[in-house]
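Numbering (the working numbering), first residue to last: 236 to 560.
Okay, here's the thing in structure tokens:
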């Protein structure tokens with residue numbers, strides 16, 4: 236994909252871009268790092284003469300990383316059928332305001348350049364989380380929508396609609412014709428339908444932040460009336476405990492039912508502290524107990540009311556938060 240130099244430094248400098256691509260494909264930073272590490276292992280296993288024959292090492296690494304992610308997505312579908320409760324993407328700590336544009340199918344405006352391409356000039360870091368570019372394509376709402384796609388659809392959609400790769404290059408990842416890849420991306424857009432990854436625009440960020448803050452205060456004061464007022468009547472809360480941390484196994488539907496559940500947690504978990512923290516770049520809440528992060532919650536807000544809540548309690552998905560805390 237594209238052109239690149241053949242120096243070791245330039246090859247290593249692709250790491251940031253590759254991790255950004257792999258996280259959006261897999262929804263897990265740990266899996267993304269493993270995929271990129273495997274791609275580099277395959278690169279360094281090549282004879283020097285073979286490396287020198289490759290005109291674009293960055294393109295080679297992207298193709299290999301994409302194929303590895305495709306294999307992981309295929310096996311992940313089987314693993315998630317055995318997963319206890321709902322599976323949610325791994326939440327990322329990060330900036331409270333996002334930059335960039337949504338893919339055309341979500342926002343109606345075609346971005347000229349998104350995080351993957353923008354990040355390729357940055358050098359490698361020691362921590363994959365430090366290499367993530369947070370934009371609308373890592374919003375929890377967007378990542379959840381990606382889970383509805385087949386592995387091939389997801390790869391075609393993410394590489395083309397998010398990272399702006401042409402279908403001729405994506406064909407090398409999927410092992411299909413450019414026309415077939417174009418059809419896969421179109422099918423993915425139909426799956427997205429009218430769903431929007433509702434990341435706050437600059438003028439709405441304060442409203443979202445204020446709504447999340449009011450949710451925290453209502454929870455702390457056990458004010459069920461305030462909570463119900465802040466939740467859309469058709470709101471849905473999905474929780475991921477992975478069978479390791481206790482939580483509801485099925486989504487809770489309805490603002491009143493969600494409010495009652497939240498207050499039940501407050502009553503049964505003395506010492507739990509809610510903190511306002513950015514989650515995947517948007518305002519969110521983090522629950523700490525005994526000095527450790529036990530829950531990370533992200534929100535979708537429309538017209539000052541919460542429409543979706545995603546709660547991650549699986550400790551395997553909170554490793555970045557535990558270290559960050």
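Glycine residues also receive a C-beta, built at the ideal position from the N, C-alpha and C atoms.
- In this structure, residue 455 lies away from residue 498, with their beta-carbon atoms at least 8 angstroms apart.
- In this structure, the CA atom of residue 256 is about 18 angstroms from the CA atom of residue 323.
- When the beta-carbon positions are compared, residue 320 and residue 520 stay at least 8 angstroms from each other.
- Taking C-beta atoms under 8 angstroms as the contact rule, residue 328 and residue 443 fail to qualify, at a distance of about 17 angstroms.
- As computed with DSSP, residue 397 is found in no beta bridge at all.
- Of the residues assessed, residue 375 falls on the buried side of the cut-off, its CB having 16 or more other CB atoms within 10 angstroms.
- In terms of Cβ geometry, residue 465 and residue 487 do not form a close pair [threshold 8 angstroms].
- Every unbroken stretch of the alpha helix (DSSP H) spanning 4 or more residues and falling wholly within the region 397-477 is given here in chain order: 402-409, 413-427, 440-455 and 459-465.
- If you ignore the 5 residues before and after residue 416, its C-beta comes within less than 7 angstroms of the C-beta of 391, 402, 405, 406 and 409, all in its own chain and listed in chain order.
- Judged by beta-carbon spacing, residue 475 lies beyond the 8 angstroms limit of residue 373, meaning their Cβ atoms are not closer than that value.
- At the C-beta level, residue 553 and residue 528 come within 8 angstroms of one another.
- According to the DSSP assignment, residue 379 belongs to the alpha helix (DSSP H) that extends over 375-381.
- Residue environment: residue 249 is assigned as buried (16 or more neighbouring CB atoms within 10 Å of its CB, all protein chains considered).
- By the criterion of a C-beta distance shorter than 6 angstroms, residue 267 is surrounded in its chain by 254, 257, 258 and 261, once the five residues flanking it on both sides are discounted.
- Of the residues 491, 522 and 495, the one whose Cα lies closest to the Cα of residue 505 is 522.
- A check of alpha carbon separations from residue 534 across 544, 540 and 453 identifies 544 as the nearest.
- With a threshold of 16 other beta carbon atoms within 10 Å, residue 445 falls short and is exposed.
- A residue is called buried once 16 or more other Cβ atoms fall within 10 Å of its Cβ, and residue 284, having fewer, is exposed.
- Counting only the Cα atoms, residue 512 lies some 33 angstroms from residue 400.
- A straight-line Cα-Cα distance of about 28 angstroms links residue 371 and residue 316.
- C-alpha of residue 385 to C-alpha of residue 538: approximately 32 angstroms in a straight line.
- Counting only unbroken stretches of 4 or more residues, the alpha helix (DSSP H) elements lying wholly within the region 238-291 are 243-247, 250-261, 264-280 and 283-288, in sequence order.
- Closest in C-alpha terms to residue 295, from the list 308, 246 and 265, comes 246.
- The Cβ neighbour count for residue 325, taken over all protein chains shown within 10 Å, is at least 16; the residue is labelled buried.
- Restricting attention to 496, 526 and 299, the CA atom closest to the CA of residue 281 is found in 299.
- By the neighbour-count definition (other C-beta atoms within 10 Å, threshold 16), residue 524 is an exposed residue.
- The shortest CA-to-CA distance from residue 396 to any of 419, 292, 309 and 411 is the one to 419.
- Using a 10 angstroms sphere on the CB of residue 292, the tally of other CB atoms reaches 16 or more, which defines it as buried.
- Of the candidates 274, 277, 318 and 311, 318 places its Cα closest to the Cα of residue 478.
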